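Read through the structure below, which is laid out as structure tokens, and then see the notes.
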Amino acid sequence: MPPSPPGSGRLLPAAEVANERIRALVDAAGGVWFMKFITTKSFMPFVYYRIALGILLYIRVGADVLSPHAGESAG
Numbered sequence: 101m102p103p104s105p106p107g108s109g110r111l112l113p114a115a116e117v118a119n120e121r122i123r124a125l126v127d128a129a130g131g132v133w134f135m136k137f138i139t140t141k142s143f144m145p146f147v148y149y150r151i152a153l154g155i156l157l158y159i160r161v162g163a164d165v166l167s168p169h170a171g172e173s174a175g
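Numbering-wise (the working numbering), the sequence shown opens with residue 101 and increments by one.
Quick look at the structure:
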């Protein structure tokens, strides 16, 4: 694969691999933290957060700020 031109937004293959490894480590650390949090404290803050986020998204879709089909591919 030839190097990406500057400003193309694509990373070189080695940088993509490093990016994926860092992402996986951050995801794993977040999962460990969350499991430790809900075992030592309460699950309710997560429940409140999800309900609030759902209500916010519902309102934004209803106000035509977000499209319910925005994530669908055009092809």
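Backbone N, C-alpha and C fix where the C-beta goes; we use that ideal spot for every residue, glycine too.
Fair warning: this is a prediction, and the values are worked out from it, not measured in the lab.
The alpha helix (DSSP H) enclosing residue i, as first and last residue numbers
i    : result
D164 : No alpha helix (DSSP H) holds D164; DSSP gives it neither H nor E.
E120 : 113 to 140
Test item: CB-CB of residue i and residue j under 7 Å
i    : j    : result
R160 : L166 : yes
Spatial neighbours of residue i in its chain, beta-carbon cut-off 6 Å, leaving aside the 5 residues before and after
i    : result
F146 : none
Cβ shell of residue i (< 8 Å), same chain only, five flanking positions each side left out
i    : result
I155 : none
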